[in-house]
Amino acid sequence: MSNETATLSQTGDTRKAARIKRETVSTIAIAIICVLLLYLSRFISPALGSWSQVETVLILGSFLVVVAFGQGLVILTGGLDLSIPALITLGGVLSTAAVGAGNPDAWYLLPAALLACGFVGFLSAVGVVWLRVPPFIMTMATSIIVASAALGITKGTPRGYAPEAAVALMKSHILGLPSPIVFVICFVFLGWLLQERSPLGRYLYAIGTNPEASRIAGVPVTAMQIFPYVISAMCAGFAGFMLVGYSSGATLRMGDDYLLPSIAAVVIGGSSILGGQGSFLGTVGGAFLLTILGTMISAIGLEFGLRTIIEGTIILIALLLLREELFNRIRSIRRKA
Amino acid sequence: MTDLTQTATGTDAQPPQGRLAGQTFARVLQGGLIIVILYFALYALYFYQQPRALSAGSIAALMNNTVPLALAAAGQTFVIISRGFDLSVASVISVCNVVMAVYPLDGPGGAVMSVLMCVAIGGSVGAVNGFLVAYLRLQSIAATLATMIICQGVALVILNAPGGRVADWLSYELTDQLFKTIPISGLFVLAVVLGWLYLRRTSFGISLYAIGADEHAASLSGINVRKVRFFTFVSAGVLYGLAGFMLSAQTATGNPTSGTPLLLLSFAAVALGGTSLSGGKGSLFASVMGAATLMLLQKVLFSSGVSSFYTGVFQGCVLVIAVVFSGLIEKLGERAAKL
Chain W
1 MSNETATLSQ TGDTRKAARI KRETVSTIAI AIICVLLLYL SRFISPALGS
51 WSQVETVLIL GSFLVVVAFG QGLVILTGGL DLSIPALITL GGVLSTAAVG
101 AGNPDAWYLL PAALLACGFV GFLSAVGVVW LRVPPFIMTM ATSIIVASAA
151 LGITKGTPRG YAPEAAVALM KSHILGLPSP IVFVICFVFL GWLLQERSPL
201 GRYLYAIGTN PEASRIAGVP VTAMQIFPYV ISAMCAGFAG FMLVGYSSGA
251 TLRMGDDYLL PSIAAVVIGG SSILGGQGSF LGTVGGAFLL TILGTMISAI
301 GLEFGLRTII EGTIILIALL LLREELFNRI RSIRRKA
Chain X
1001 MTDLTQTATG TDAQPPQGRL AGQTFARVLQ GGLIIVILYF ALYALYFYQQ
1051 PRALSAGSIA ALMNNTVPLA LAAAGQTFVI ISRGFDLSVA SVISVCNVVM
1101 AVYPLDGPGG AVMSVLMCVA IGGSVGAVNG FLVAYLRLQS IAATLATMII
1151 CQGVALVILN APGGRVADWL SYELTDQLFK TIPISGLFVL AVVLGWLYLR
1201 RTSFGISLYA IGADEHAASL SGINVRKVRF FTFVSAGVLY GLAGFMLSAQ
1251 TATGNPTSGT PLLLLSFAAV ALGGTSLSGG KGSLFASVMG AATLMLLQKV
1301 LFSSGVSSFY TGVFQGCVLV IAVVFSGLIE KLGERAAKL
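Protein chains in written order, with the numbering used here: chain W, 1 to 337; chain X, 1001 to 1339.
Structure, rendered in structure tokens:
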């Protein structure tokens, strides 16, 4: 880690230019890999590589994009959110149990469910910011607490039905496009505005790079440290709502498959797990890359274990290719020439 | 804690052995004192609820439950002291578990073979992690995430659904008691703790703390950071292998996801033991006690009549309180040292 800071201070003035270049390069690289993989998947099975597969990937990837946005913000400020699976479950359970249970007209219950998730995120942030518990431990603790509370309250089996709004979000069409695709495009645009083009986003980058310097520069550090956890928790809750609409019901393990991919999407997208570096578009690319790989690997018809091995290997290769050092080396070669 | 950072960052990379030996014991006590007190307080509560709690049988049962988590947390401690995270713990344990369930080797000879096999599996995954992190300079959490997913796949390929049967000799003997009092599984943990006390004094142990506290300073003072980091992951892997071995002896069956619950719990145990997640500080013994406390908490809650659904609520709260509390103690200690 001290090496990291050493490299940063060495590069000095060129840092901003280097950051933009590195992130743009990795985002474009991921986009190219995604398109290539979609095209190449034709050779695996004729059913793939078609528009309908693109649709499937976009719909299946939308859940991951939503949670990875929150995870990305938390990672940007130097934290990590392990409470995502529990909050997806909480969001799902609240939407089916409270909203869906014969209250289809009570529209205010959905924002209430999201607020409940946001409150849990706020509690995590309080632990991290004021009690100085490491983010890793704090979000793990809230995760364990929320998961076991959900288990206890539902007595092991969540009941209730998917609210109509969730079904409409996931299953209808807008202008001939499936509505989740329209939704995910809007979400990515808004997320990009927030993270890359708003003062708020710039504050988050500043905190992730150097909290002390940002405090001196007048950034509201405490508020900006709390904000990502609340957003991440609400995103996870909303992903739970989306999943409920997609699969018409909540289960207690519905979030489990999203923790590691949410981190993987952010890391593959070129963000540093230490904070201060990364771009939302890269994360979106990472999320779709993982989803494409998932659909391709399941189309090959391999057994689940082999699929998992391939998935892990690909993550490893992506990490090796996107290594910080590799970029530095390419840059220094160019400088010499 | 303050004298520790001084040792780690000081120019003197290898202080005289005698002084160090005296310090080591003090440090072990210091590092684990809070958690030991918490453990015995909790045990007193357990005894109050269940007078049978002090019988050899229930101590052994508790010990058998604790040992896999204790060993996993012990391995995790190595990596965390060196300022890293190791997610591969869960799937290394799963791989060892399914290997032992699919290829059971009976008798004492088979047990030796099995334990060697588990250690080899853990050690080689650790070597891969170490290579990725130390030599290819990947972020530890990302690299071990990838190896964790790969190993999970390997476990699923070997055994795709819960089943199989661990050798009878192992599951009977390793969960038994020596002379009807000492739980055999506990001896494994004792051996690991003693090994740690020895290792702590060696130059590897000192370097481990040094690279965790300040990697740059450590490399300036002549420590081969890459090599130390590599062997940190290998040692951790070996301990995960042992954890998988003991878990198999305890469950007597195979399950390709048997290690997954231990992932977060191993971090919880380390944090409960007061080891700082930002590296350079901590004690393996305290992590073992942290693991023991987490498992004892489950028993206490169960005997208090709390529905097992809510165990997590208590585990989470205890975790946060312990971390906040040990942070406070550390801060008070630092203030006292300054005066």
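Cβ coordinates follow ideal geometry from the N, Cα and C atoms, glycine included.
- Here DSSP, grouped into helix, strand and coil, assigns Leu-177(W) to strand.
- Straight through space, the alpha carbons of Gln-1177(X) and Gly-208(W) are spaced by roughly 52 Å.
- Near chain W, meaning a CB-to-CB distance below 8 Å, no residue of the segment 1241-1254 of chain X qualifies.
- Within the segment 137-152 of chain W, the residues whose Cβ lies closer than 8 Å to some Cβ of chain X are Ile-137, Met-138, Met-140, Ala-141, Thr-142, Ser-143, Ile-144, Ile-145, Ala-147, Ser-148, Ala-149, Leu-151, Gly-152, listed in chain order.
- Residues of the segment 1275-1301 of chain X with a C-beta atom less than 9 Å from some C-beta of chain W are Ser-1276, Leu-1277, Ser-1278, Gly-1279, listed in chain order.
- Note on geometry: alpha-carbon atoms of Gly-312(W) and Leu-293(W) lie some 11 Å from one another.
- Take the alpha-carbon of Val-1313(X) and the one of Gly-121(W): they are about 16 Å apart.
- DSSP places Gly-1290(X) in the uninterrupted alpha helix (DSSP H) bounded by 1284-1303.
- Phe-122(W) has a beta carbon lying at 7 Å or more from every beta carbon in chain X.
- Among the CB atoms of chain W, one or more fall inside 7 Å of the CB of Val-1157(X).
- Taking a contact as a CB-CB distance under 8 Å, the pair Ala-86(W) and Ala-147(W) counts as one, their CB atoms being some 4 Å apart.
- Of all residues in the segment 240-267 of chain W, those with a C-beta nearer than 8 Å to a C-beta of chain X are Leu-260, Ile-263, Ala-264, Val-267, reading in chain order.
- Here the segment 1262-1269 of chain X makes no contact with the segment 1178-1189 of chain X; the two share fewer than three CB pairs at distances below 8 Å.
- For Pro-158(W), there are no C-beta contacts with chain X under 8 Å, since the nearest C-beta of that chain is about 13 Å from it.
- Interface criterion met: the Cβ of Glu-311(W) is under 7 Å from a Cβ in chain X.
- In the DSSP assignment, Ser-1058(X) falls within the unbroken alpha helix (DSSP H) covering 1056-1081.
- Residues of chain W whose Cβ lies closer than 8 Å to the Cβ of Val-1320(X) are, in chain order, Gly-127, Leu-131, Val-133, Ile-137, Met-138, Ala-141.
- Taking C-beta atoms as the reference points, Ser-272(W) and Thr-27(W) fail to come closer than 7 Å.
- The beta carbons of Ile-1081(X) and Gly-1282(X) sit closer together than 7 Å.
- Going by beta carbons, Gly-285(W) and Ile-44(W) fall outside the 7 Å limit.
- Its Cα nearest to that of Pro-228(W), the residue Leu-76(W) stands out among Cys-34(W), Leu-76(W), Ser-247(W).
- Inclusion of Ala-166(W) and Phe-69(W) in the CB contact set at 7 Å is not warranted, their separation being larger than that value.
- Per DSSP, the beta bridge partners of Gly-1163(X) are Gly-1254(X).
- Within the segment 1050-1078 of chain X, no residue places its CB atom closer than 8 Å to a CB of chain W.
- Rounded to the nearest whole angstrom, the CA to CA distance from Cys-117(W) to Gly-237(W) is 6 Å.
- Scanning its chain for C-beta atoms nearer than 6 Å, with the 5 sequence neighbours on each side dropped, one finds around Gly-127(W) the residues Val-133, Met-138, in chain order.
- For Ala-1074(X) against Leu-1239(X), the beta-carbon gap comes to about 5 Å, under 8 Å, which counts as contact.
- Among the CB atoms of chain X, one or more fall inside 7 Å of the CB of Thr-308(W).
- Under the three-state reduction of DSSP output, Ile-1223(X) falls in the coil class, being neither helix nor strand.
- In the DSSP assignment, Gln-1177(X) forms a beta bridge with Pro-1183(X).
- Linking Ser-262(W) to Ile-315(W) through their CA atoms gives a straight-line distance of about 13 Å.
- Residue ranges of uninterrupted alpha helix (DSSP H) with 4 or more members, entirely inside the segment 206-250 of chain W and ordered along the chain, are 211-216, 221-247.
- Of Ser-298(W), Gly-270(W), Ala-287(W), the smallest CA-CA separation from Glu-23(W) is found for Gly-270(W).
- According to the DSSP assignment, Glu-55(W) belongs to the alpha helix (DSSP H) that extends over 51-76.
- A Cβ-Cβ distance of about 11 Å is found for the pair Leu-1069(X) and Met-1289(X), leaving them out of contact under the 8 Å criterion.
- Linking Gln-1049(X) to Val-267(W) through their CA atoms gives a straight-line distance of about 48 Å.
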